[in-house]
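Participant: Numbered according to the numbering used here, the sequence shown terminates at residue 628, and the numbering increases by one at each position without gaps.
Positions of the beta carbon are idealized from the N, C-alpha and C atoms, including for glycine.
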Amino acid sequence: MELLTKTNSWKKLENHFNDIKGFPLRTLFSEDAKRAERFTVNDVGILFDYSKHRVSNSTLQLLFELARERKLEEKREAMFSGQKINTTENRAVLHTALRAPKDAVIKVDGENVVPQVHQVLEKMFAFAEKVRSGEWKGHTGKPIKNVVNIGIGGSDLGPVMAYEALKHYSKRELNFRFVSNVDGSDFDEAMRGLNPEETLFIIASKTFTTLETMTNAHTARTWLLNELKDDRAIAKHFVALSTNAEKVEEFGIDTNNMFVFWDWVGGRYSMTSAIGLSTLIALGKEHFTSMLNGFHQMDEHFRTAPFEKNIPVIMGLLGVWYNNFFHAETQAILPYDNYLHRFPAYLQQLTMESNGKSTTLNGERTDYSTGPVYWGEPGTNGQHSFYQLIHQGTTLIPCDFIGFRKPLHNLDNHQDYLIANMIAQGEALAFGKTAEEVKAEGVSESLVPHKVFEGNRPSSTFFLEKLTPENLGKLVAMYEHSVFVQGVIWDINPFDQMGVELGKVLAKNIIPELEDESKSLNHDNSTNQLIEFYRK
Ligand code: G6Q
């Protein structure tokens, strides 16, 4: 594929950028009384207002032209239809099949994968119901009260985020804990107060070889057997979520207690696969199905809506616009709902492990920047910490505000205060406050420059009815697809993660050097020094 910066639409965008970059949002709004309506998509239950972006109609048209020139429509179809678009690993990319209806037909290597997906779902539903109802008993005959998910990265972040986001809908009689870090403190703290007789471990690992997860899983087995002193207890207290039956068996987990998924599900795209078992146990079948349904609605929207009305397409292209033209290096995710406090962390993996690449599909070095840094915290907390920099700092940070009309509590005032703040932040960022306006407030001359807000700081607002399982599904799928759009524009593979390998390999070399102090060290001077310090 032609290098991005050599394409016609890119060149047109460069010229256009020079025309529009100085344009204040104040002017764009004052010249067009209907700007908000024109730059809003209201579909699949999401009001997506992108009018506070530094774009004109022409910007959007040129970005759509770029998407067409980069063959977004064809590539989107290639993903949905099971072609092996993860070329570096020769795999299909079919997280969308995980939430496809029973009668859909999606083939990988000539085989329809949808029946397998639903078979596993049925098995998960049956198991989850047994745990929830108390029918599933531990080794000593007690029902399960504690569910501990052991996994890391894609086998942890989705389950934690979804559990936290949808806690309101969860079965409160069950305790959920998540252990990911190889740091023993994570396991230690998570186990506090838990009775092994009432504890179920879910070992979530696609490969079933990951150092952290296997270390924690072995520690969990020891923890359990120390108390229950019978290997047969494993069958009642351990289940596995994996693609690797051989390794699961080797660990000692009965493969009847294994919930499978497939190589065409990437780790960070796996929360709707068997990896979602803890979410399902927490929520129950009805809510979990409704979450899948939300994902599917967004999949369909992305697949069928014209670019001009397509939320993930517009989001993805706006990201390119800021990253490559305004050289914005980060993107803030600001959910105005405390239940979404792990959402930014979840999106960090989704976006940065997907698009943090600098090699094109042909193996060339990109001469343009790719995935920005994603970060964020829920509002209003962030307002009392880092928003200062977003408002008055020297860095341009596009923001995503996410809010819901209805709260999940009955407390007076809170929701109005929360949402007023979200709306006000977008307004302040976009329009700021001029020196004249500050002076008119009677501020002393010397303080005026400090109190000026330049404005012209872009944001999107995503407004939904209520934080429900269905709406969470839509939000996650929306970001998944916007990441895909950007990967297509940048001509990189969002579905591998070679960049996490080197550190793992080097750690494997260092482990024996820490365990055996007589081993001679042949690293660089600094690495040797650090190892020696640890040994002392
Ligand atoms: C995600 C990555 C990575 C992966 C973890 C855990 O896309 O591949 O975060 O999920 O390394 O891997 P396992 O599930 O194989 O243990």
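#1: Taking Ala296 and Leu333 to be in contact with their CB atoms under 8 angstroms, please state how far apart those CB atoms are, rounded to whole angstroms.
#2: Indicate, with yes or no, if the ligand MN has a heavy atom lying under 7 angstroms from the CB of Gly368.
#3: Note down the Cα distance separating Leu154 from Ser574, rounded to an integer number of angstroms.
#4: Please classify Glu203: does DSSP put it in a helix, a strand, or coil?
#5: On the three-pair Cβ rule with 8 angstroms, is the stretch 387-394 touching the stretch 560-575?
#6: Look at Tyr142 and Ile406 and say whether their C-beta atoms are less than 8 angstroms apart.
#7: Hey, would you say the C-beta of Ser247 is under 7 angstroms away from at least one heavy atom of the ligand G6Q?
#8: Does the stretch 581-593 touch the stretch 445-456, meaning 3 or more C-beta pairs lie closer than 8 angstroms?
#9: I want to know whether the stretch 405-423 touches the stretch 194-214 - three or more CB-CB distances under 8 angstroms.
#10: Using the three-state DSSP reduction, which class does Thr311 fall into: helix, strand or coil?
#11: May I have the straight-line CA-CA distance separating Val185 from Ser362, to the nearest angstrom?
#12: Got a sec, what are the start and stop residues for the beta strand (DSSP E) Asn238 sits in?
#13: Can you tell me which of Val252, Glu203, Val240 and Pro604 puts its alpha carbon nearest to the alpha carbon of Trp356?
#14: Are Tyr255 and Ala437 closer than 8 angstroms when you measure CB to CB?
#15: Nearest-angstrom Cα distance between Asn318 and Ala312?
#16: Only counting the same chain, and skipping five residues up and downstream in sequence, which positions put a Cβ closer than 8 angstroms to that of Leu372?
#17: State yes or no: is the C-beta of Ser69 within less than 8 angstroms of the C-beta of Thr305?
#18: Tell me whether Lys498 is buried or exposed, calling it buried when 16 or more other Cβ atoms sit within 10 Å of its Cβ.
#19: May I ask you to check if the CB of Lys600 is nearer than 7 angstroms to at least one heavy atom of the ligand G6Q?
#20: With a threshold of 16 other CB atoms inside 10 Å of the CB of Pro541, please say whether the residue is buried or exposed.
#21: Shorter than 8 angstroms from the beta carbon of Lys229 to some beta carbon of chain B?
#22: Given a threshold of 16 other Cβ atoms within 10 Å of its Cβ, counted over all protein chains shown, does Asn454 qualify as buried or as exposed?
#23: Does Val331 pass the burial test, meaning 16 or more other C-beta atoms within 10 Å, or should it be called exposed?
#24: Suppose you measure from the CA of Leu442 to the CA of Arg191; what does that come to, to the nearest Å?
#25: For Val223, which residues in the same chain have their Cβ closer than 6 angstroms to its Cβ, ignoring the five residues on either side in sequence?
#26: Within the chosen definition, does the stretch 602-612 reach the stretch 463-476 through at least 3 CB pairs nearer than 8 angstroms?
#27: Using a threshold of 7 angstroms, is the CB atom of Gly243 nearer than that to any non-hydrogen atom of the ligand G6Q?
#28: Would you be able to state if there are at least three C-beta pairs under 8 angstroms between the stretch 554-573 and the stretch 517-536?
#29: At a cut-off of 7 angstroms, would you count Thr302 as near the ligand G6Q, judging by its Cβ distance to the nearest heavy atom?
#30: Applying the 10 Å Cβ sphere with the 16-neighbour rule, what's the burial state of Ser551?
#31: Between Gln441 and the ligand G6Q, is the CB less than 7 angstroms from at least one heavy atom?
#32: Are there any heavy atoms of the ligand G6Q lying less than 7 angstroms away from the beta-carbon of Ser225, as far as the coordinates show?
#33: List the residues that DSSP assigns as beta-bridge partners of Trp467.
Facilitator: Result, derived from the coordinates:
#1: Taking the first residue of the sequence shown as 1, we reach residue 296 at position 204. Taking the first residue of the sequence shown as 1, we reach residue 333 at position 241. A Cβ-Cβ distance of about 4 angstroms is found for the pair Ala296 and Leu333, placing them in contact under the 8 angstroms criterion.
#2: The ligand MN is not part of this structure, which contains only the ligand G6Q.
#3: The residue you call residue 154 lines up with position 62 of the sequence shown. The residue you call residue 574 lines up with position 482 of the sequence shown. In this structure, the straight-line span from the alpha carbon of Leu154 to that of Ser574 is close to 17 angstroms.
#4: Position 111 of the sequence shown, counted from the first residue, corresponds to residue 203. Correct three-state label for Glu203: strand.
#5: With the cut-off at 8 angstroms, the stretch 387-394 and the stretch 560-575 touch.
#6: The count along the sequence shown starts at 1 and reaches residue 142 at position 50. The count along the sequence shown starts at 1 and reaches residue 406 at position 314. Yes, these two residues count as a Cβ contact at 8 angstroms.
#7: One-based indexing of the sequence shown puts residue 247 at position 155. With a cut-off of 7 angstroms, the C-beta of Ser247 is classified as near the ligand G6Q, since at least one heavy atom of the ligand falls inside that distance.
#8: Because the criterion of three Cβ pairs below 8 angstroms is met, the stretch 445-456 and the stretch 581-593 touch.
#9: no
#10: What you label residue 311 is simply residue 219 of the sequence shown in a count that begins at 1. It is helical.
#11: Here residue 185 refers to the residue found at position 93 when the sequence shown is read from its first residue. Here residue 362 refers to the residue found at position 270 when the sequence shown is read from its first residue. Val185 and Ser362: Cα-Cα distance of roughly 11 angstroms.
#12: Position 146 of the sequence shown, counted from the first residue, corresponds to residue 238. Asn238 to Ile242 is the span of the beta strand (DSSP E), which, as asked, contains Asn238.
#13: Sequence index remark: in the sequence shown, residue 356 carries index 264 (1-based). The candidate whose alpha carbon is nearest that of Trp356 is Glu203.
#14: Looking up residue 255 in the sequence shown gives position 163. Looking up residue 437 in the sequence shown gives position 345. Contact: no.
#15: For the purposes of this step, residue 318 is identified with residue 226 of the sequence shown, where counting begins at 1. For the purposes of this step, residue 312 is identified with residue 220 of the sequence shown, where counting begins at 1. Taking the straight line joining both Cα atoms gives about 10 angstroms.
#16: The count along the sequence shown starts at 1 and reaches residue 372 at position 280. Counting only Cβ-Cβ distances below 8 angstroms, and skipping sequence neighbours, we find Met216, Phe217, Ala220 and Phe380.
#17: This structure cannot settle anything about residue 69, because the visible part of the chain is limited to 93 through 628.
#18: As a first step, residue 498 must be located in the sequence shown, where it is residue number 406. Classification of Lys498: exposed, given that the 10 Å Cβ count is below 16.
#19: Along the sequence shown, one-based indexing puts residue 600 at 508. No, since every heavy atom of the ligand G6Q falls outside the 7 angstroms radius drawn around the Cβ of Lys600.
#20: Within the sequence shown, residue 541 is the residue found at index 449, counting from 1. Looking at its Cβ environment, which holds fewer than 16 other Cβ atoms inside 10 Å, Pro541 is exposed.
#21: Among the protein chains of the structure shown there is no chain B, as only one such chain exists.
#22: Mapped onto the sequence shown, residue 454 falls at position 362. Classification for Asn454: exposed.
#23: To locate residue 331, count along the sequence shown from 1; it is residue 239. Buried is the call here.
#24: One-based indexing of the sequence shown puts residue 442 at position 350. One-based indexing of the sequence shown puts residue 191 at position 99. When only Cα atoms are considered, Leu442 and Arg191 end up about 18 angstroms apart.
#25: Numbered from 1 along the sequence shown, position 131 holds the residue referred to as residue 223. Correct list, in chain order: Ile236 and Ile373.
#26: no
#27: Taking the sequence shown and counting its residues from 1, one reaches residue 243 at position 151. Because some heavy atom of the ligand G6Q lies under 7 angstroms away, the Cβ of Gly243 counts as near it: yes.
#28: no
#29: Here residue 302 is taken as the residue at index 210 of the sequence shown, counted from 1. Yes, the beta carbon of Thr302 sits closer than 7 angstroms to at least one heavy atom of the ligand G6Q.
#30: For the purposes of this step, residue 551 is identified with residue 459 of the sequence shown, where counting begins at 1. With 16 or more Cβ atoms within 10 Å of its Cβ, Ser551 is classed as buried.
#31: Position 349 of the sequence shown, counting from 1, holds the residue named residue 441. Answer for Gln441: yes, Cβ within range of the ligand G6Q.
#32: Here residue 225 refers to the residue found at position 133 when the sequence shown is read from its first residue. No.
#33: For the purposes of this step, residue 467 is taken as residue 375 along the sequence shown, with counting starting at 1. Trp467 pairs with Ala424.
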